[in-house]
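Novice: Sharing a structure, written as structure tokens. Questions coming.
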Amino acid sequence: NCGDAAKVESMISALEDNSFEGGNENLIPNTASYNKLIEALAKSDEKDAPEKAEATLRKMQSLRERGDVDVEPNILSFNLVLACHARDGNTHHAEAIVNHIEKLHVHTGFEHIRPNKETYNVLIDAWVKSGDASGADNAQSILVKMKELRNQGYNSAAPDLETYSSIVNAYKNSKKDLPSYLTNEFEMLKNGE
């Protein structure tokens, strides 16, 4: 709801004012504070929530670039912004964010901004919510990427039950039959195999 995002935004603003005035150092906004704001925006029904979330992320990046070591976007920051776009089925922005995260990870080598299964699950969910006829194909391509990453030893991107549930929904929404191998993989995962 809009009220929660507005409350968190107001609290962050007060903390920022405090920090600019040389107030209590324990009350300076940090990564967790800004992530709470982005999370509240992701859960809100504000139409401009995705834009506000992206602006908050840019602010975090700017603060970090200016030397604020307490404010550094992490994968949660990006995943929450991604969730804002996915909520509305905005696949164009969602894909762009994931591409940005992947490039950022390659460029910096920072593990704390490496895409994980939550990143890809949110992207798959965007395709599910988009209602796009190619949603199932795009979701399946993301699943293939997740499996490749797992096979390369990056288990944090390994598909899970949520991944397969979303894939099933993507196929339902696309009015396509789920390939049998996906059904088998889903059943194996559900049974803990």
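Quick note on full-length UniProt numbering: the sequence shown kicks off at 1 and runs consecutively. By construction, the Cβ of each residue, glycine as well, lies at the ideal position given by its N, Cα and C atoms.
1. Go ahead and label residue 60 buried or exposed: buried means 16 or more other beta carbons lie within 10 angstroms of its beta carbon, across all protein chains shown.
2. Distance, Cα to Cα, residue 48 vs residue 36?
3. State the start and end residues of the unbroken alpha helix (DSSP H) segment that holds residue 135.
4. Which residues in the same chain have their Cβ closer than 7 Å to the Cβ of residue 190, if we skip the five residues on either side of it in sequence?
5. Which value, in whole angstroms, describes the spacing of the CA atoms of residue 115 and residue 27?
6. Helix, strand or coil, according to DSSP, for residue 4 in the structure here?
7. Can you name the start and end residues of the alpha helix (DSSP H) that residue 50 belongs to?
8. Sort 149, 163, 182 by Cα distance to residue 157 and report the nearest one.
9. Using 8 Å as the threshold, is the stretch 104-111 in touch with the stretch 123-138, meaning 3 or more CB pairs across them?
10. Quick check on the burial criterion: 16 or more other C-beta atoms within 10 angstroms. Buried or exposed for residue 159?
11. In whole angstroms, what is the alpha-carbon distance linking residue 144 and residue 79?
12. How long is the line joining the alpha carbons of residue 30 and residue 71, rounded to whole angstroms?
Specialist: This is what the structure holds:
1. buried
2. 17 Å
3. 135-151
4. 161
5. 30 Å
6. Three-state result, residue 4: helix.
7. Unbroken alpha helix (DSSP H) run through residue 50: 49-65.
8. 149
9. no
10. buried
11. 20 Å
12. 5 Å
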